[in-house]
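Below is one structure, written out as structure tokens; the observations come after it.
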Amino acid sequence: MGQALQRAAQWTSAKDGAGGKLEFTSINEDLLNAILKFVETTGKSTEEASLTFKTPLKWQTSLNPQHFQGSGFSDSGDDVISDNKSSKDDTPLLKLHKLAKDKYEVNISTLGYAEQVLRIAGDKKMVELRGCLEANRDPVVNMLGERFATVETDDNSIFRYIEEITKEIEQNAKQEQTAEGSKSAEVEEKKIVLRLRLKLLRLDEQLMNMSIQKMSSEVRLSPASVDGEVTILKQLSGSDETKCVLEYIDYYGETFVSKNGCRAQPWRQLHGDICYIYVKTHDKDTPLYITANTSGYYLNNGPDPEKPTQLDYTRPDSTTYRDLVSLLKDNSSKFAELIDQQEFTLKVEQNDKKKIEMSEQTEQNEDYQKKKNSYEQNTRNENDQDSDKDKNQKNRTQSKKKLEPSLKWKVLGVDDNKIQEEDKSITKTEKKKRPVQKYKSKTPIDKEEPFSESETESEEEEEAVERRAEANADLPSEYWQIQKLVKYLKGGNQTATIIALCSLRDFNLSLETCQLAIRDVGGLEVLINLLDTEEVKCKIGALKILKEISKNTQIRRAIADLGGLQTMVKILRDTNKDLKCLAAETIANVAKFRRARRTVRQHGGIKRLVSLLDCAGLNKPDMEKDVEVARCGALALWSCSKSKKNKEAMRKAGSIPLLAKLLKSTHEDMLIPVVGTLQECASEPSYRLAIRTEGMIEDLVQNLKSSNQELQMHCASAIFKCAEEKETRDLVRQYGGLDPLVTLLTNIENKELLAAATGAIWKCAISPENVQRFEELKAIDQLVTLLNNQPEEVLVNVVGALGELAKAPPNRMQIRKAGGISPLVNLLTGTNQALLVNVTRAVGKCAEEPDNMIIIDKLDGVRLLWSLLKNQNPEVQASAAWAICPCIENAKDAGEMVRSFVGGLELIVSLLKSEDKEVLASVCAAIANIAKDEENLAVITDHGVVPMLAKLTNTTDDKLRRHLAEAISRCCNWGNNRTAFGREDAVAPLVKYLKSSDENVHRSTARALFQLSKNPENCITMHEAGVVQPLMKMVGSQDEDLQEAAAGCIGNIRRLALANERAKYA
Amino acid sequence: EIASLLNMFKHLCGPDKKKLDRPTFRDVLITRFKITDDFLMDRVFKAFDTDNDSYLKAEEWVRGLSIFLKGEVEDLIKYCFIVYDLNGDGYISREEMFHMLKPCVVKQSSEEDPDEGVKELVEIALKKFDLDHDGRCSVADFRGAVHTESLLLEGLGHCLPSDTVSIP
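Quick mapping for you: the protein sequence lines, in order, are chains D and G. As numbered in my numbering, the first sequence has no gaps in its residue numbers, which increase by one up to the final residue, 1098. As numbered in my numbering, the second sequence has no gaps in its residue numbers, which increase by one up to the final residue, 157.
Okay, structure coming up:
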């Protein structure tokens, strides 16, 4: 009963007092009736009726003592009690207690009395029962005790209870001689409890079933479901009468959507209105105005003629519809006709998932198709005599046509059926969750694959598909030969097929002409079809060709379009190892673009590929085949691992330990794909952790020393990605990985390797211990030489590494000595954003050394930095502003220099409008430095720095707070800026900063407050904001700066108070 | 294994005979090894029947099947060559190839001479097999071709059990 009451019964949401009320709905009515019947039947006769409740059921009743006249009841004061008393503690089994005049509370302790009370109540028994249930939300607890409380999870209390009883019975049997009567009576009672409980459970179940039936028959509308329906119809509307079911459909009224998803005005929401919709059908002149209410859709009277913006909410007729479509169907015959057509186009949807995938490609395909056709025509004209070929082409065009996705599939009308079904199933369990789930399921295709794949999705996707035009002119002889062979592939038995396959392989399949020729004569289809056959040899032959030609991007797409990936994924499960290898290798080639990778994943390919990795003996000679299989598996995974979701799928399939095992291999051609996969995956934090914990860093470091440059490159780039984490950096050092990294810097020819190695150095240099080792290895000199004539990928990393290394003061000097300053400053003129971020950072670090600053100044580096503040990228802006800070600090005549930048001060002040926290913090820091010079301070004050800073004071970001407070304290030193800050309400928020946990924030804030407190008005504001207490604490701080500023501030406040008092008494 | 092969042999011959005749052998090929081509079945029988008496002795049976089922590449090459070398002169000629490949081209375009397609195919096949360009394929040629491309072992007709067949 508990479950049913909690879930099914509809409680009003308004909580008055202890709990909600039961709503007056038909479901509740039925529930109550069922319970009533239960009480009446069990309460009359059986033993359960006399079982005493653990705690009595209590509720306020409308009955009064007069009702309880007659035998069995007696008066005691204000109360009426029953003669029968509880056997345990002698309390009466029924008690009517007077609370106030005409207000009574009834307590009952057995079902029997419950039945009696209800009988006495007569026709008011429903009211009584309602009151009882409202006061006792979980009556089972009262009746049988806490252990039977309704819980959300699986309830096994009853089983435990049974066990307990049987145990006791056993015990009793054992000690039969000594057993006392009371003991068996207890068991007896327990048995009754059990029986009652079971009955209640049955009742519960009945109630649940009943209410489910009820509910599913009248499901209420929710904002989300309305939204869904409207969006679908919107997609189907337009002016075209043949294709679109509606002319237009939209929400009426304001576009405001309230938090619960309703669009109706709040006062209308009280009536259950969700939103208003206006619809224009093709066959009616005036739009229909529809109200979406929680009870369903119905028509309203449209806009009120008197008040143009308001709707006339009254209903012209009382028909309510369950869904929008049926309402529209009833109101517009044209719509009904059209929507039925739409529904029919949809029925194919589920059986053709492939089409769905194709749809994304529709446009592309069509384009492709056009070119294709024109090309075909050309060739046909040229070779009219070759009838056979012509036929082929016809075949091909036909098969192409099949691929063309229907444009109509998107049109979801039939979904309504689905939704309704779903409604039923979902309401049964979780009514609340329904809207969300339904919404998700409604647009399966769009949502299923949000294109959120990682950035590693390279631009190759966009790489143009067609580069064929020029090939039209003269077809090479290979074309005809290949065509002939493909003919045998099509028209021969296996023997002929094999011969043809072998001969095909004699062509130079790496030539684009051959690859495309195979595609153009329809060979791809045949090859892919061959994969579906049972003939192992044919499959091997076909895969060998596919493997070669899939190196071509266009072929890859074609293979994916023809469903080749699905078949190859299937082959991965084959027992033949050659087949597995070839399939995996082909997948590795094909899966170089996103859609293919997704297909592989969706068909369970990742799991199978991962299982290929599992080979028992790695370095044993007799396991060559297995090792080969694993290698191909790794190769395929490498390709697949460029998608974020695939990485996740691989992890779930348990790839990490297998990769770790393979990493111990000694074969280079095995290691390359394995490390390649790892470095792709290392962009995911979960993989980085696993790589570290599985002990792969050691192997990676080991392989850095390999002689194969490609392997070295992948290892370095894996370390590059993994070294984001401190533990990994330490491990790299411990395994001696820094030395080989530095030696890799001598490989000037291989740029990719260089980029990976410098990247690894950059990331490793984040740890100070590593910096030390790099110093010993004289990495700086080498890095500085790499500053010239390198591609940007390398430069970004080199400069990043220098920036990290320059955190240690001796290295700054070293950079200067190696002549690194000038190339660094030169790089400030670049355009690559990532590079600029790193360069500015490196220059900034170098500028902290006064000697370096002289050089930077000479090279006009500060001006360059300043100009980078104009960059669009906030990261560049921020790091440029950070870099400017040490420059101003360390430059001679900094003030003069800053003034010399035309418009520079205005620029930096204007950056305070940025949205980026980092930019704001850095600019504040820069302003704090600029403001040291009085003249500059005057200029920036003129540019309105004070109100802008004041506006920022409400931030909660500690870094920004710190620099902001610093800037404010510096800016106080000019004119009436102190008063201005007070006027702009900057003071009170500053006081809040003292509650921050950051010591640095405290220091700068105290300084700012000290400056501000020189103005009496501000003192008053501060005092009101409760500044004294935290400042007192800070006076006791370890930090002298903080102490002094805090004390100064308190002093100022105190002085003001004294002056005030003096003024009063004077 | 040999014992089980012999058992099978006895079972196939029946209780009284000591030799296996052609029809029975063909049955075995069809049911056990899925070799269904009439012409090739005869050839396989010939290859098994080393003493050319049109019956298989127990020894021939065991030898043949051991190559059939567990043969090394070299054995298989020899065996296949014998199967394909119709007249037994040590060379596979154009005509022999034509003969073997004739049933291979199933789909014929109506207007074309049916033999034309086969001839073309023979040329293609010969190009693959005839490594020394003398217009015919010797054992050495065949061996070389198979070594460069293992798929060519059965390049002129299906005469070996497929991988899925298990040893009885």
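All C-beta atoms in this analysis are idealised placements derived from N, C-alpha and C, irrespective of residue type, glycine included. Please read all numbers here as calculations on a predicted model, not as lab measurements.
C-beta atoms of leucine 763(D) and isoleucine 798(D) nearer than 9 Å: No, the Cβ-Cβ distance between leucine 763(D) and isoleucine 798(D) is not below 9 Å.
Classification of asparagine 168(D) by the beta-carbon crowding that lies within 10 angstroms, buried from 16 upward: Buried is the label assigned to asparagine 168(D), since at least 16 other Cβ atoms lie within 10 Å of its Cβ.
Beta-bridge partners of tryptophan 670(D), as assigned by DSSP: DSSP lists no partner for tryptophan 670(D).
Chain D contact residues for cysteine 93(G), given Cβ-Cβ distances below 7 Å: Cysteine 93(G) reaches chain D at Gly524, Asn525, Thr527, Ala528, counting residues in chain order whose Cβ is nearer than 7 Å.
Positions along the stretch 138 to 152 of chain G whose CB lies within less than 8 Å of some CB in chain D: Those would be Glu138, Leu140, Leu141, Glu143, Gly144, Leu145, Gly146, His147, Ser151, Asp152, in chain order.
For alanine 324(D), the first and last residue of its enclosing beta strand (DSSP E): Unbroken beta strand (DSSP E) run through alanine 324(D): 320 to 325.
Residue-level contact to chain D via CB, glutamate 85(G), 9 Å cutoff: False, the Cβ-Cβ gap to chain D never drops below 9 Å.
Segment limits, beta strand (DSSP E) that includes aspartate 282(D): Where aspartate 282(D) is concerned, the enclosing beta strand (DSSP E) stretches over 280 to 283.
Burial state of glutamine 148(D) (16 or more Cβ within 10 Å): Buried, because 16 or more other Cβ atoms sit within 10 Å of the Cβ of glutamine 148(D).
Of the residues Asn561(D), Leu563(D), Gln513(D), the one placed nearest glutamine 547(D), counting alpha carbons only: Per the Cα distances, Gln513(D).
Within-9 Å CB hit, proline 157(G) to chain D: Here the model assigns proline 157(G) a pLDDT of 42, short of 50, so the residue's position is not dependable and the matter cannot be decided.
Among Leu110(G), Arg52(G), Thr20(G), Leu9(G), the one whose alpha carbon lies nearest that of serine 535(D): With distances taken between Cα atoms, serine 535(D) lies closest to Leu110(G).
Cβ neighbours of methionine 1054(D) in the same chain (closer than 7 Å, five flanking residues each side left out): Residues of the same chain with a CB within less than 7 Å of the CB of methionine 1054(D), apart from the 5 flanking positions on each side, are Val1019, Val1023, Leu1041, Ser1045, Ile1085 in chain order.
For tyrosine 511(D) and methionine 745(D), the rounded distance between their alpha carbons: Rounded to the nearest angstrom, the gap between the Cα atoms of methionine 745(D) and tyrosine 511(D) is 39 Å.
Amino acids of chain D, ordered along the chain, whose beta-carbon sits closer than 7 Å to that of isoleucine 24(G): Within chain D, no C-beta atom comes nearer than 7 Å to that of isoleucine 24(G); the closest sits roughly 12 Å away.
Best match in Leu29(G), Phe70(G), Phe37(G) for proximity to lysine 8(G) [C-alpha to C-alpha]: Nearest to lysine 8(G) by C-alpha distance, out of Leu29(G), Phe70(G), Phe37(G), is Phe37(G).
Short-range partners of chain D found in the stretch 102 to 127 of chain G, where Cβ spacing is below 8 Å: Of all residues in the stretch 102 to 127 of chain G, Gly106, Glu109, Leu110, Ile113, Ala114, Lys116, Lys117 have a Cβ within less than 8 Å of some Cβ in chain D.
Contact with chain D by methionine 89(G), beta-carbon distance below 9 Å: Interface with chain D (9 Å Cβ-Cβ cutoff): methionine 89(G) is included.
Buried or exposed by the 16-neighbour rule on C-beta atoms within 10 Å, applied to leucine 230(D): By the 10 Å Cβ count, leucine 230(D) comes out exposed.
Extent of the continuous beta strand (DSSP E) run through glycine 328(D): Counting along the chain, the beta strand (DSSP E) containing glycine 328(D) begins and ends at 328 to 331.
Secondary structure of proline 823(D), DSSP reduced to three states: Collapsing the DSSP output to three states places proline 823(D) in coil.
Length at least 4, wholly inside the stretch 853 to 884 of chain D: the alpha helix (DSSP H) runs in chain order: Fully enclosed alpha helix (DSSP H) runs of 4 or longer: 853 to 859, 865 to 878.
Spatial distance of glutamate 398(D) from asparagine 561(D) (CA atoms): Model confidence at glutamate 398(D) stands at a pLDDT of 49, short of 50, so the residue's coordinates are unreliable and nothing is read from them.
Tryptophan 1108(D) - partner residues in DSSP beta bridges: Look at the range of chain D in this structure, 33 to 1098, and you will see that residue 1108(D) is not part of it.
Chain G within 9 Å of cysteine 546(D), Cβ atoms only: So no, cysteine 546(D) is outside the interface.
Under 8 Å from the C-beta of cysteine 534(D): neighbouring residues of chain G: Lys117, Glu138, Leu140, Leu141, Gly144, listed in chain order.
Beta-carbon proximity check, valine 1033(D) vs methionine 980(D), cutoff 9 Å: The answer is no: Cβ separation not under 9 Å.
Span of the beta strand (DSSP E), counted from its first residue to its last, around cysteine 307(D): 305 to 312 is the span of the beta strand (DSSP E), which, as asked, contains cysteine 307(D).
CB of isoleucine 161(G) within 9 Å of CB of phenylalanine 131(G), strictly: This structure leaves residue 161(G) out entirely; chain G is present only between -10 and 157.
Beta carbon of glycine 791(D) nearer than 9 Å to that of serine 738(D): Contact flag unset, no.
Burial state of asparagine 241(D) (16 or more Cβ within 10 Å): So asparagine 241(D) counts as exposed.
Residue from Glu138(G), Glu112(G), Asp119(G), Leu(-5)(G) whose Cα sits closest to the Cα of leucine 45(G): The residue with the shortest Cα to Cα distance from leucine 45(G) is Leu(-5)(G).
Beta-carbon gap between leucine 943(D) and valine 951(D) smaller than 9 Å: Result yes, Cβ atoms of leucine 943(D) and valine 951(D) sit closer than 9 Å.
Local Cβ density within 10 Å of glycine 144(G), reported as buried at 16 or more and exposed below that: With a 10 Å radius around the Cβ and a threshold of 16 neighbouring Cβ atoms, glycine 144(G) comes out buried.
CB contact below 9 Å: aspartate 593(D) versus chain G: Cβ-Cβ to chain G under 9 Å: no for aspartate 593(D).
Beta-carbon neighbours of glycine 572(D), restricted to chain G and to distances below 7 Å: Sequence inspection shows isoleucine at residue 572(D); the glycine mentioned does not correspond to that position. Neighbours of isoleucine 572(D) in chain G, taken as residues at a C-beta separation under 7 Å, are given in chain order as Leu140.
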